[in-house]
């Protein structure tokens, strides 16, 4: 047994958990859990899964996986980063080929634009050349057009004066009519629920939920995240791992409770909704991967 395996096993026993309990929490097969505690990684699919399983094991016991990786890095197999140089070389070659092709596509639009501009210029030249002879006829009719414009201005002025008289008459009629008293009953808007941050300390955040008729929590995982939901007295409503592609959503009705404690092992992969309103993490998930969130529910007073 390795030092890492011994530490994990002691932490598991200290919480009173069996391997079967841990298997139910992490969804990792029991034989892999035994291999982690004994330091025997040969039966696992690969180094990536060894590190992933150790991380899930640690998060289920509320241990810091990054600290374990640093402390026992000599016992934990390296990840697949050794394969990256070969993959990067392939990406570089593909990139060079793509860059060669992209130069052709960069030049092609410019050529098309040039052809389009030349065509437009030719059409304009033809238009002005064919209509040049009509300028003299347009100049001879200039005086007649000016007379027409004067007549139009007078007509518009007369129409404006007529409209002003009609508007004045309508205004006087409206002022003479007695105003009716408004008897419309104002409609009371239903207040929306208020979900606000009360305080934060480290990985702990406290929220207040008010003006809500119910208290329903939905947790959606976009990756792999261990989740625990309890009330303020410690009663457990859910404890397990949510995983995209498998069981990725858990909905819990806590309307009968006044407080809920939600523990999320990997906040970067999990979203929390309270009555369909997305909860914004008070502490950025990139700063605290695991967060303990307390929501204090003040039921709406029925009038």
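Numbering (the numbering used here), first residue to last: 14 to 316.
Heads up, the beta-carbon is just placed ideally off N, CA and C, and yes, glycines get one too.
Bear in mind the structure is a predicted one, so any value in this text is a computation, not a measurement.
Per the Cβ contact rule, the segment 54–62 is not in contact with the segment 15–33 (fewer than 3 Cβ pairs under 8 Å).
With a 10 Å radius around the Cβ and a threshold of 16 neighbouring Cβ atoms, residue 220 comes out buried.
Taking all protein chains in view, the Cβ of residue 266 is surrounded by fewer than 16 other Cβ atoms within 10 Å, so the residue is classified as exposed. Spatial neighbours of residue 286 in its own chain (CB-CB distance under 8 Å, excluding positions within 5 residues in sequence) are listed in chain order as 230, 231, 232, 233 and 292.
Boundaries of the beta strand (DSSP E) around residue 244: 237–244. In the three-state reduction of the DSSP assignment, residue 54 falls in the coil class.
In this structure, the straight-line span from the alpha carbon of residue 224 to that of residue 45 is close to 48 Å. Secondary structure at residue 231: strand, using DSSP grouped into helix, strand and coil. Beta bridge pairing from DSSP links residue 290 with 287. For residue 304, the enclosing beta strand (DSSP E) stretches over residues 304–312. Contact check between the segment 253–267 and the segment 27–40: three or more CB pairs, one atom from each, fall below 8 Å, which counts as touching. Restricting attention to 244, 279 and 251, the CA atom closest to the CA of residue 273 is found in 244. In this structure, the CA atom of residue 296 is about 38 Å from the CA atom of residue 14. For a cut-off of 8 Å, the C-beta gap from residue 275 to residue 242 is around 5 Å, short enough to register as a contact.
Residue pairing by DSSP places residue 277 opposite 240 and 304 in a beta bridge.
Here residue 272 is bridged, per DSSP, to 309.
In terms of Cβ geometry, residue 52 and residue 88 form a close pair [threshold 8 Å]. Counted as a single uninterrupted DSSP element, the stretch harbouring residue 261 is not any alpha helix (DSSP H), since DSSP gives it neither H nor E. Residue 256 sits in a strand when the DSSP states are folded into three classes.
Per the coordinates, the alpha-carbon of residue 171 lies some 23 Å from the alpha-carbon of residue 186. Going by DSSP, residue 207 is part of the beta strand (DSSP E) stretching over 207–214. In the three-state reduction of the DSSP assignment, residue 251 falls in the strand class.
In terms of Cα proximity to residue 208, the closest of 227, 283, 261 and 85 is 227.
Residue pairing of residue 220 in beta bridges, as defined by DSSP: 210 and 308. Rounded to whole angstroms, the gap between the alpha carbons of residue 298 and residue 281 is 5 Å.
In the structure shown, residue 295 falls within a coil segment according to DSSP collapsed to helix, strand and coil.
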